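Structure record follows, encoded as structure tokens.
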Amino acid sequence: MVEVRWLLYALVLELASLVLLLSASSDLSLFLTYLGTHLVASLLLASAVWGLLPAGFRQPKVLSWLLTFSLAFFVPIFGLVAILGGVLMGYLLPAVFRDEPFVAVEAPVFTPVPAPALTGFRQEDLKGLLKSPDTPVELRLQSMLTVRGMPTRSTGRVLRDTLGDASDDVRLLAYGILDQKEKAITQQIDRAITLLETATDARRYRLYRRLAELYWELTFQDLVQGDIRQLALEQAAFYVTQALSEKDDDGGMWLLRGRIFLTEEKLEQAEESFLYCRELGLPPSRVNPWLAELALMRGQYGRVRKLMTDISTDAQFTSLNQSIQYWRDA
Amino acid sequence: MNSPHAEDLPRAESADICLLLEGTFPYVSGGVSSWVNQIIRGFPEYTFACCFVGSRPEDYGEMKYSLPDNVVHLEVHYLHQHDQKAEKTAREGDRKAFEKVDRFHNMVRSGKISDERNRLFSDLVSELGDDGALSEQAFLHSRSSWDLIAESYRRYSRDPSFVDYFWTVRIMHAPIWILNRIADNLLPAKVYHSISTGYAGFLGAMMRRKTGRPLLLSEHGIYTKERKIDLFQSEWISDNRGLVERNNVEMAYFREKWINFFQELGRECYQASDRIVALYENNRLRQVADGAPAPRTRNIPNGINLPAMEAVRAQRGDEIPPVACLIGRVVPIKDVKTFLRSMRTVVNIMPEVQGWIAGPEDEDEEYAAECHALVSSLQLDANVRFLGFQKITELLPKVGVVVLSSISEALPLVLLEGFAAGVPAVSTDVGSCRQLIEGLGEEDQALGSAGDVVGIANPEALGHAVADLLRDPPRWRQAQQAGIRRVEKYYTQEMMFSAYRSLYQDLVRQADEEGAVPTLKEEAR
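As you go down the protein sequences, you meet chains E and R in turn.
Residue 31 in the numbering used here sits at position 42 of the first sequence, and the numbers go up by one each step.
Residue 342 in the numbering used here sits at position 336 of the second sequence, and the numbers go up by one each step.
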């Protein structure tokens, strides 16, 4: 067999080339001689091994030969081992081509289908729609889907009113929306409290901060009422104090402290906190709106105007811009 | 596999009445299960078979009730336990049969109920068996089935994902063949009695269409409504519409499909039922709106065993115990969290008041853990106790007011039991609770109010109502008397049994007239 002969020649040549390579000389011509010998050995090796491969391994012809040659040429010695190992693997673990009981089908093309409109175009406020006893239940349910996507800070009142709806479906959906949002925050609170039990000093500060924000969020998002709201505010204030006892120059916590006092209508303490925020370097854009609200509660309109004008140079605001404009023009 | 203890279950060849029970007696405790237990024990003259349909074996533990002697047969099935070993083979499928399926779906879409639709349903059910044109294999692996699914997607889907559409259709319909297998092997009975619509009710409809024997439906809550709310909120249903395709007032397409599916299961059950029982008028109207033929519907309220509860009442002292007790499973539908929050208000007003939760906590352990955590965060550790399952006869003499904070109820037995034991109640305005506390109609209302009713999820109002009742002994005693009189007049076990006795007698007579009930062996022959 010609392949076996080629294989022997290849091995001899490869061995010779190796001897050349391992000799101590660093002559360039010696290296070029090695390269030439290795190239011939690889050509012979690739052709011999390729010729010995089973028919299935020799397809497509040129590419399979090139792969064999590349392994032999670019990975001396080990390439040969890889080729032989690959062939062996192919014999021992052949790919299975079973007769599958499946046939190919084409995926259908999507053609947008419009939803069956209940009443066509409608321009009406959600609150009115939900409160009106004349609105059909299906439409009220649809409105609830819209409400679900909005922050409860804006929709809390509507949702709570809907808890008394005559239709069970609407009522339960309103309950579900409020419950899910409240639960999302409460779960984070529970997790943070659990972590607090084993927290390191550095971690404890971050957890106090997080708990203060989460309890505040319950109130801010209008998810708790009455005694529970009071309790949430107390907890928020407690964790703010804890966080500040760990790190008393945390402007964000002082601001939150002020907002909690403002909610509880403890105006003196709120002002004290807000002013301290300014001392800590918080920008007027963050502190002044709260100081302005405080001044508004006291009826100090001139002060409101001044505070709002102080932040009017801050151009990045969007939601505050209109109020700033209003007070500047006032 | 059926049940881990399948070999221990009683087996019989036939029974008078076969109860179709989805996720309830005897493996789950609660109001409906207690009612089933009460009914079986109330009719010793009939033999009962129980067919329990559950989700997965791991969702249920041991039996929560000992089986009454007249339960001669119990079989247990699970809908979400797939044991698919059948060989998959490509097949063409019966085009005509799938055209019928398409026609049936068009009728469902039109929302119209007609004799033709009911006949078509019977036809389709008769083809569901392994040898039928609509076998599970034909549904899962035939070209005709694929073509129908692909065409329906093209015509109706508002969600672009065909992969999701395809799997939603397959997964949604899979239990139908499981139910069909149950129906094919279910023992013969004179009357089939389903305790809900849903899968058990659909099984009832299949039995009615296959055997011609009467089907009785008793609904406590409205299954379809509860499923609908679950589905509205579930987060596992995908919505693949892009930003420009999305319309905020439009429900995700697959969510709508799931809701429609359960509505249709209910409608088929209503259409197949010979008699349909609701607990109170609002639920009956809801059944009619959901497709129940009005002439077949009626109300039978729950009733309680008065003599037994009178003995409990006799154990009460003169003092009003400062205890507000929620009796029920610790599950979200009972809204235990609102009760706990209301206790914050109660304790602020009356620091000596205790809040008890008497009910098992193993049904939703995550929710139970959340409730325990809430007690601590409300700083109520000294005032609130979780008692686990309690014998009502031992518990009620120690209770000052029964509290029900549920977001959904039908006609809760615990309120009636409380009244009979001399305990007034404060409840949320759900199901028939207002009717139970304030009375329905002039004569009933003249008995007075047996407590107070507040809106759902309003802890402050609930707390104030509880504290007001406990702080005002004359009002409390007046409420106690109103409760006792109302139960004695309108909600006794005798009244309920007598109504069911006439129903069972009528239906058994109807079955007898149509021929003797063959045993399973005779049926096989």
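Think of the CB as a built atom: it goes at the ideal place given N, C-alpha and C, for glycine as much as any other residue.
None of the values given here were measured: they were computed from a predicted structure.
Determine the burial state of residue i: buried for a count of at least 16 other Cβ atoms within 10 Å of its Cβ, exposed for fewer.
i: L119(E); result: buried
i: G394(R); result: exposed
i: L(-3)(E); result: exposed
i: W242(R); result: exposed
i: P10(R); result: Unreliable placement is indicated for P10(R), whose pLDDT of 48 sits below 50; no coordinate value is reported for it.
i: I177(R); result: exposed
i: G272(R); result: buried
i: T189(E); result: exposed
i: Q311(E); result: exposed
i: V8(E); result: exposed
i: E256(R); result: buried
i: M315(R); result: buried
i: R531(R); result: With a pLDDT of 45 at R531(R), under the threshold of 50, the modelled position of that residue is not reliable, and the figure given next carries that caveat. Per the 10 Å Cβ criterion, exposed.
i: P32(R); result: buried
i: I66(E); result: exposed
Can you tell which of the options has the C-alpha that lies nearest to the C-alpha of residue i?
i: L221(R); options: M213(R), G227(R) and P63(R); result: M213(R)
i: E268(E); options: L244(E), L17(E) and E186(E); result: L244(E)
i: L220(E); options: A35(E), L207(E) and T230(E); result: L207(E)
i: Y373(R); options: L401(R), N389(R) and R335(R); result: R335(R)
i: Y162(R); options: D129(R), L130(R), F260(R) and G445(R); result: F260(R)
i: D179(E); options: A375(R), V114(R) and A485(R); result: A375(R)
Determine the extent of the alpha helix (DSSP H) in which residue i is found, giving its start and end residues.
i: K116(E); result: L115 to K120
i: Q219(E); result: G215 to E235
i: R292(E); result: Y290 to D299
i: L264(E); result: L256 to E268
i: Y23(E); result: L17 to L41
i: H179(R); result: F168 to N191
i: H147(R); result: E142 to H147
Report all residues from its chain with a CB closer than 6 Å to the CB of residue i; omit the five preceding and five following residues, and keep chain order.
i: T144(E); result: V136
i: V352(R); result: V359, G469, V472 and A473
i: G99(R); result: A144, S148, R149, S150 and S151
i: Q269(R); result: T230
i: L526(R); result: Bear in mind that a pLDDT of 47 at L526(R), under 50, signals an unreliable position, so the number given afterwards is only what the model happens to contain. Around L526(R): E19 and L193.
Within its chain, find whatever has a CB closer than 7 Å to the CB of residue i; leave out the 5 residues flanking it on each side and keep chain order.
i: S6(E); result: Y23, T26, H27 and A30
i: A259(E); result: G247, F250, L251 and L283
i: R109(R); result: L126
i: L154(R); result: F104, V107 and D108
i: N124(R); result: Q277
i: A284(R); result: E225, R290, Q293, T303 and N305
i: S240(R); result: none
i: E415(R); result: V436, G437 and C439
i: Y228(E); result: Y197, L200, A201 and Y204
i: F168(R); result: Y159
i: Y315(E); result: none
i: R491(R); result: L453
i: L130(E); result: D158, V159 and L162
i: E367(R); result: V336, A374, F392 and G394
Where do the N-terminal and C-terminal ends of the beta strand (DSSP E) with residue i fall, by residue?
i: V197(R); result: A195 to S200
i: I333(R); result: V329 to I333
i: A284(E); result: Per DSSP, A284(E) belongs to no beta strand (DSSP E); it is in the alpha helix (DSSP H), P273 to R287.
i: Y33(R); result: That residue, Y33(R), is in no beta strand (DSSP E); it is neither H nor E in DSSP.
i: L25(R); result: A21 to E28
i: V459(R); result: G457 to V460
i: S433(R); result: A431 to T434
i: I363(R); result: Q360 to A364
i: A284(R); result: R281 to A284
i: G489(R); result: No beta strand (DSSP E) contains G489(R), which is instead part of the alpha helix (DSSP H) from P479 to Y496.
Round the Cβ separation of residue i and residue j to the nearest angstrom and send it over; I've been treating them as touching at under 8 Å.
i: D225(R); j: T203(R); result: A small correction: the amino acid at residue 225(R) is Glu; Asp does not occupy that position in the sequence shown. 7 Å between Cβ atoms; contact.
i: M69(R); j: G309(R); result: With 8 Å as the limit, M69(R) and G309(R) do not qualify as a contact, their Cβ atoms being about 25 Å apart.
i: G210(R); j: Y229(R); result: Going by Cβ atoms, the distance from G210(R) to Y229(R) rounds to 12 Å, so no, they are not a contact pair.
i: C275(R); j: G207(R); result: 3 Å
i: R350(R); j: L386(R); result: 6 Å
i: L422(R); j: Y286(R); result: Contact doesn't hold; Cβ gap of about 12 Å is too wide.
i: D458(R); j: L446(R); result: With a Cβ gap of about 17 Å, D458(R) and L446(R) do not count as contacting.
i: M242(E); j: A232(E); result: 5 Å
Between residue i and the rest of its own chain, which residues show a CB-CB distance below 8 Å, the 5 nearest in sequence each way excluded?
i: L4(E); result: none
i: W279(E); result: L244, G247, R248, L251, A259 and F263
Problem set entry | Residues from the region 208 to 229 of chain E in contact with chain A, defined by Cβ distance under 7 Å | Of the chains in the structure shown, none is chain A; the protein chains are E and R.
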